[in-house]
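Participant: For the sequence shown, the residue numbers in our numbering are 1 to 475.
Positions of the beta carbon are idealized from the N, C-alpha and C atoms, including for glycine.
Please read these numbers as outputs of a predicted model, since none were measured by experiment.
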Amino acid sequence: MSETKGRLCPFVMENLKNNKFLKEDMKMSYVDEVYDLVVAKNPAQPEFHQAVKEVLESLRVVIEANEEKYRKDALLERIVTPERQILFRVPWVDDKGQVQVNNGFRVQFNSAIGPYKGGLRLHPSVNLGIIKFLGFEQIFKNSLTGLPIGGGKGGSDFDPKGKSDREVMAFCQSFITELYKYIGADTDVPAGDIGTGAREIGYMYGQYKRLTGLYEGVLTGKGLSYGGSLARTEATGYGLLYLVEEMLKCNGKELAGKTVAVSGAGNVAIYAIQKAQQLGAKPVTCSDSTGWIYDPEGIDVALLKEVKEVKRARLTEYAAARPSAQYHDKAKEGTNQWSVKVDIALPCATQNELNLEDAKTLVANGVFAVAEGANMPTTMDATEYFQKNGVLFCPGKASNAGGVATSALEMSQNSERLSWTFEEVDSKLKNIMVNIFHNLDDAAKKYGLEGNYVAGANIAGFLKVAEAMTAQGIV
Ligand code: NDP
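Now the structure itself:
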């Protein structure tokens, strides 16, 4: 019913919803009602609709068991509505003296279990709907870590690619000159995401300190010389592999000796490839927005880091320096890394980068596990296809939670004015990832959905936030 109604114009939908008799007759479930409300109230935000649909669908069993109470408290309406959305202008001057203007966003989605926490995405595709989808997912991800952090996300349609360091600094300073009013070590702690790495965080931190005079843990992903945590750079990719290893172990399989397809060639992908190799697996692909690499000898991580982290160059440079690597141009060939025959797939680039066709190819080629390093990289129909075909599938809000978990460890170190060793942080990260897997596995089993890790992650993440929201009253 929600699919059909979702296509009606908002005016018609509003009338339908307000019609008492129709409502009683139709006996719409609370989940469907709230999903339709989200579509009607947030037009032209397909990624946000998709994220809400995926979460609400898998919570259906929990919501229906508590429907009367949740409905009376409008718990779902509150959880799908950001507490605050900050939209602002970011003017800056380029190297030619021309003034440029970008849009800035920070969505403070939910602070029931801790200060807002979530990254800043700098990419030309960024809009409010994308930031809302990411912020919404972040609520449940942060809850799953077991640490006291709420959900938020932000960013801008600024593209750091091809800009000089001075231009990136000018943008970051202007961005923080507005955003600093709304963030703080105990209120909202942004971090990196696509396009926001150590360089951008450094410029933002410097400007925050200059404006406020405060030397506090307001951003995470900081450099080691000014409050950053060891292992934060590696955390998302490493955490992904710790979770995959545990998921395989609990299903009577092992990671060592398996071939792996990875997409992306950024922070998450690089450290996922590195940890996969350390654990005895063989990653054979990586990609960026223009092309992908197939390297049957296994990806050379040192070379990949040199090309992407140092030179900020395209993957053609990797292929030029590595005789065993084949470079494929995505636009020219219409192919991608999911066409390679592998045992495990780890999408680590961006949302909706693995669709139903890709899922069919991967399954036909014998893939048995998929875990998301990126946020929502798998479309809903592809996810269902994997699940129906017995592929172990772990959603990003669980499998990429190592990044935000280690950010929370960075916040703890900043508060203590202490720095932990790499080994200490890495071992805490591993424990957190193993616990996340068991929490979602247990939640799925408890609700009769054994092996459905999407449902398990959403249920486990939701229950803690719902309990805190209920305890704190109508706020
Ligand atoms: P980076 O900017 O470091 O790398 C992103 C990679 O994905 C690049 O190789 C980039 O290629 C590619 N990419 C980006 N957009 C597109 C696109 N539209 N189409 C194809 N390829 C694209 O980002 P991260 O590695 O930090 O983030 C990757 C994903 O992981 C995102 O979904 C992010 O939200 C998620 N994530 C990141 C965390 C972190 O700690 N960094 C934590 C949890 C989740 P190109 O350079 O050509 O643009």
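Got a sec: is the Cβ-Cβ distance from P190 to anything in chain D below 9 Å?
Facilitator: Of the protein chains in the structure, only one exists, and it is not chain D.
Participant: Residue range of the beta strand (DSSP E) that K153 falls in?
Facilitator: Along the sequence shown, read from residue 1 onward, the residue named residue 153 stands at position 153. 150 to 156 is the extent of the beta strand (DSSP E) around K153.
Participant: Assign L76 to one of two classes, buried (16 or more other C-beta atoms within 10 Å of its C-beta) or exposed (fewer than that).
Facilitator: Here residue 76 refers to the residue found at position 76 when the sequence shown is read from its first residue. L76 should be labelled buried.
Participant: Pairing CB atoms from the stretch 448 to 457 with CB atoms from the stretch 413 to 424, are three or more of them under 8 Å?
Facilitator: At 8 Å Cβ cutoff, the stretches do not touch.
Participant: Name the one or two DSSP bridge partners that F393 has.
Facilitator: Sequence index remark: in the sequence shown, residue 393 carries index 393 (1-based). F393 pairs with V370.
Participant: I need the boundaries of the beta strand (DSSP E) containing R106, first residue and last residue.
Facilitator: As a first step, residue 106 is located in the sequence shown; it is residue number 106 there, counting from the start. First-last of the beta strand (DSSP E) with R106: 99 to 110.
Participant: Just to check my reading of the structure: I176 and P148 have Cβ atoms closer than 8 Å, yes? What is that Cβ distance to the nearest angstrom?
Facilitator: As a first step, residue 176 must be located in the sequence shown, where it is residue number 176. As a first step, residue 148 must be located in the sequence shown, where it is residue number 148. With a Cβ gap of about 25 Å, I176 and P148 do not count as contacting.
Participant: Check each candidate in N267, M469, S415, A331 and name the one with the smallest Cα separation from G192.
Facilitator: Locating residue 192 in the sequence shown gives position 192, where the first residue counts as 1. When only C-alpha atoms are compared, the closest one is N267.
Participant: Following a CB-centred definition, is N267 positioned closer than 8 Å to any heavy atom of the ligand NDP?
Facilitator: Taking the sequence shown and counting its residues from 1, the one referred to as residue 267 is at position 267. Yes, the beta carbon of N267 sits closer than 8 Å to at least one heavy atom of the ligand NDP.
Participant: Restricting to Cα atoms, I'd like to know which of Q351, Y203, V465 is closest to R166.
Facilitator: Indexing the sequence shown from 1 puts residue 166 at position 166. Closest option to R166, Cα to Cα, is Y203.
Participant: With a Cβ-Cβ cutoff of 9 Å, do N375 and N355 count as a contact?
Facilitator: Position 375 of the sequence shown, counted from the first residue, corresponds to residue 375. Position 355 of the sequence shown, counted from the first residue, corresponds to residue 355. Going by C-beta atoms, N375 is not nearer than 9 Å to N355.
Participant: Considering only heavy atoms of the ligand NDP, does any lie closer than 8 Å to the CB of C348?
Facilitator: The residue labelled residue 348 in the question sits at position 348 within the sequence shown. Under cutoff, so the answer is yes.
Participant: With respect to the alpha helix (DSSP H) encompassing D329, which residues constitute its N-terminal and C-terminal limits?
Facilitator: The sequence position of residue 329 within the sequence shown is 329, counting from 1. D329 -> not in any alpha helix (DSSP H); beta strand (DSSP E) instead, spanning 326 to 329.
Participant: Quick one: using the 10 Å Cβ neighbour count with 16 as the cut-off for buried, is V340 buried or exposed?
Facilitator: The residue you call residue 340 lines up with position 340 of the sequence shown. Buried.
Participant: Take S143 and list the residues in its own chain whose beta-carbon comes closer than 7 Å to its own, dropping the five residues that flank it on each side.
Facilitator: For this step, residue 143 is matched to residue 143 along the sequence shown. Only I113, G461, K464, V465 meet the Cβ criterion.
Participant: Which complete beta strand (DSSP E) runs does the stretch 200 to 273 hold, if anything under 3 residues is left out?
Facilitator: You should have 259 to 263.
Participant: Among M411, A74, A302, which has the Cα closest to the Cα of E33?
Facilitator: Taking the sequence shown and counting its residues from 1, the one referred to as residue 33 is at position 33. Of M411, A74, A302, the residue nearest in Cα terms is A74.
Participant: Taking buried to mean at least 16 other C-beta atoms within 10 Å of its own C-beta, is K20 buried or exposed?
Facilitator: Here the question's residue 20 lines up with position 20 in the sequence shown. For K20, the predicted model reports a pLDDT of 46, less than 50, meaning its position is unreliable; a value from the coordinates is still stated below. Label assigned to K20: exposed.
Participant: Grab me the residues of H49's own chain with a C-beta within less than 6 Å of its C-beta, minus the 5 sequence neighbours each way, in chain order.
Facilitator: The residue labelled residue 49 in the question sits at position 49 within the sequence shown. Here the set comprises V39.
Participant: Mind checking P283: buried by the 16 CB within 10 Å criterion, or exposed?
Facilitator: Here residue 283 refers to the residue found at position 283 when the sequence shown is read from its first residue. When all chains shown are included, P283 counts as buried.
Participant: Assuming I130 and E200 are in contact, meaning their beta carbons sit under 8 Å apart, how far apart are those beta carbons, in whole angstroms?
Facilitator: Within the sequence shown, numbered from 1, the residue matching residue 130 stands at position 130. Within the sequence shown, numbered from 1, the residue matching residue 200 stands at position 200. With 8 Å as the limit, I130 and E200 do not qualify as a contact, their Cβ atoms being about 18 Å apart.
Participant: State the beta-bridge partners of Q85 as determined by DSSP.
Facilitator: Here residue 85 refers to the residue found at position 85 when the sequence shown is read from its first residue. Answer by DSSP bridge pairing, in chain order: V107.
Participant: Let me know if N251 comes out buried or exposed under the rule of 16 or more other beta-carbons within 10 Å of its beta-carbon.
Facilitator: For the purposes of this step, residue 251 is identified with residue 251 of the sequence shown, where counting begins at 1. Answer is exposed; the Cβ neighbour count stays below 16.
Participant: In this structure, how does DSSP classify W338 when only helix, strand and coil are distinguished?
Facilitator: For this step, residue 338 is matched to residue 338 along the sequence shown. W338 falls in the helix class under three-state DSSP.
Participant: Using beta-carbon positions only, say whether G119 and G213 come within less than 9 Å of one another.
Facilitator: Sequence index remark: in the sequence shown, residue 119 carries index 119 (1-based). Sequence index remark: in the sequence shown, residue 213 carries index 213 (1-based). Against a cut-off of 9 Å, the Cβ pair of G213 and G119 comes out as no contact.
Participant: Just to confirm the assignment: which complete beta strand (DSSP E) runs, minimum length 3, are found wholly within the stretch 142 to 197?
Facilitator: Complete beta strand (DSSP E) runs here, min 3: 150 to 156, 188 to 191.
Participant: If you compare alpha carbons, which of K428, G473, G390, V391 is closest to T406?
Facilitator: Here residue 406 is taken as the residue at index 406 of the sequence shown, counted from 1. Per the Cα distances, K428.
Participant: Taking 9 Å as the cut-off, decide whether the C-beta atoms of K244 and L362 are in contact.
Facilitator: What you label residue 244 is simply residue 244 of the sequence shown in a count that begins at 1. What you label residue 362 is simply residue 362 of the sequence shown in a count that begins at 1. The displayed chain sequence assigns Val, not Lys, to residue 244. Result no, Cβ atoms of V244 and L362 do not sit closer than 9 Å.
Participant: Taking its Cβ as the centre, do 16 or more other Cβ atoms sit within 10 Å of V260, making it buried, or is it exposed?
Facilitator: Position 260 of the sequence shown holds residue 260. The residue is buried, with at least 16 neighbouring Cβ atoms inside 10 Å.
Participant: State the Cα-Cα distance for the pair L37 and E353, rounded to the nearest angstrom.
Facilitator: Position 37 of the sequence shown, counted from the start, is the residue given in the question as residue 37. Position 353 of the sequence shown, counted from the start, is the residue given in the question as residue 353. Rounded to whole angstroms, L37 to E353 spans 27 Å at the Cα level.
Participant: Considering only heavy atoms of the ligand NDP, does any lie closer than 8 Å to the CB of N400?
Facilitator: If you number the sequence shown from 1, residue 400 lands on position 400. It does: the Cβ of N400 is within 8 Å (strictly closer) of some heavy atom of the ligand NDP.
Participant: Between which two residues does the beta strand (DSSP E) carrying T406 extend?
Facilitator: In the sequence shown, the residue the question calls residue 406 occupies position 406. T406 -> not in any beta strand (DSSP E); alpha helix (DSSP H) instead, spanning 402 to 416.
Participant: Between G227, L134, L211, K249, which lies nearest to I194 when the distance is taken from Cα to Cα?
Facilitator: Here residue 194 refers to the residue found at position 194 when the sequence shown is read from its first residue. Among G227, L134, L211, K249, the Cα nearest to that of I194 belongs to L134.
Participant: Return yes when at least one heavy atom of the ligand NDP lies under 8 Å from the C-beta of L243, else no.
Facilitator: Here residue 243 refers to the residue found at position 243 when the sequence shown is read from its first residue. Answer for L243: no, Cβ out of range of the ligand NDP.
Participant: For A408, I'd like the list of residues in its chain whose CB is within less than 6 Å of its CB, leaving aside the five on either flank, ordered along the chain.
Facilitator: Position 408 of the sequence shown holds residue 408. Cβ within range, chain order: L147, I149.
Participant: Does DSSP put S287 in a helix, a strand or coil?
Facilitator: In the sequence shown, counting from the first residue as 1, residue 287 sits at position 287. Correct three-state label for S287: strand.
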